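K.L.:
Here it is: the structure, laid out below.
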Amino acid sequence: MSHNHRDKPHVTPFAARMKLAGANVWLDEWEIQPGDTIVGKVNQALDLVDTVLLFWSKNAAESTWVNTEMETALTRKLSDSSVRIIPMRLDDAPLPPLLRPLMYVSLEDGADVDDAVRRILGIGSQEELIKAMQRTIWEAGMEFRDFRGMGTMIGCPKCGAPASALDGTQVVDNERDHLYMIVKCTKCGWQDGCETW
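Letter 90 of the sequence shown, counting from 1, is numbered 90 in full-length UniProt numbering, and no numbers are missing.
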């Protein structure tokens, strides 16, 4: 997942969806630990992966780092034709000349992210993608709880207590005629809520 750090709000959720669909994903923030050499870890990854997703944007076009990763991936592809490089367009920045012959995937505003994941992983339909994601959740063997409006939670985002330590309460605001879900951690007291419908 080659990208400029300013594009992380687009890249990280996409990487998470790929991982949930069963892909083995290498993302810097997940793989590089304190004390690791950044250059060493990225170099190691670029030497091992079979597919490089190059998230291209105005930010990436101005990034020496992204351009270096692109050059490294292209050099590797010259010696190993099985390596795939997939340009992932985040905006209207023109692709570099060496990437233009490659089929790209658009993640520009309004793009269907699930469709992009399916195309990259060769999954034929939305239903097959959902089944793949569900298998990943089952294989994790973790406890999950669903709170209407808040979504699925595996634990407290503040203290890390398991889902069994979370309590959900629905509250009605009669003046506004709104229903709210409040989720509270019985261990640390963290709570959050949102309007449900």
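Ideal Cβ placement from N, Cα and C applies to all residues, glycine included.
As the structure is a prediction and not an experimental result, all values here were calculated from the model.
1) Could you give the distance in angstroms between the alpha-carbon of Leu54 and the alpha-carbon of Arg89?
2) Cutting at 7 Å between CB atoms, please list the residues of its own chain near Arg148, excluding the five before and the five after it.
3) Please state whether the Cβ-Cβ distance between Ser2 and Glu69 is less than 8 Å.
4) Is the stretch 32-51 in contact with the stretch 65-83, if contact means three or more CB pairs nearer than 8 Å?
5) If Met153 sits next to Ala163, beta carbons under 8 Å apart, how far is it from one beta carbon to the other, in whole angstroms?
6) Name the one or two DSSP bridge partners that Lys184 has.
7) From the DSSP output, read off the bridge partner residues of Phe147.
8) What are the start and end residues of each continuous alpha helix (DSSP H) run of 4 or more residues lying completely inside the UniProt domain "TIR" (1-121), in chain order?
9) Excluding five sequence neighbours on each side, which residues of the same chain lie with their C-beta closer than 8 Å to the C-beta of Met150?
10) Going by beta-carbon coordinates alone, are Pro87 and Leu98 separated by less than 8 Å?
11) Using a 10 Å radius around the Cβ and a threshold of 16 neighbouring Cβ atoms, would you call Ala116 buried or exposed?
12) Can you tell me where the alpha helix (DSSP H) with Arg135 in it begins and where it stops?
13) Kindly indicate which three-state DSSP category Asp173 falls into: helix, strand or coil?
14) Helix, strand or coil for Pro162? Go by DSSP, reduced to three states.
15) Roughly how many angstroms separate the alpha carbons of Gln126 and Arg17, rounded to a whole number?
P.N.:
Let's see:
1) 8 Å
2) Met181, Thr196
3) yes
4) yes
5) 6 Å
6) Asp167, Gln191
7) Gly151
8) 8-20, 28-31, 38-48, 58-61, 64-79, 113-121
9) Gly168, Met181, Val183, Asp192, Gly193, Cys194
10) no
11) buried
12) 126-140
13) strand
14) strand
15) 13 Å
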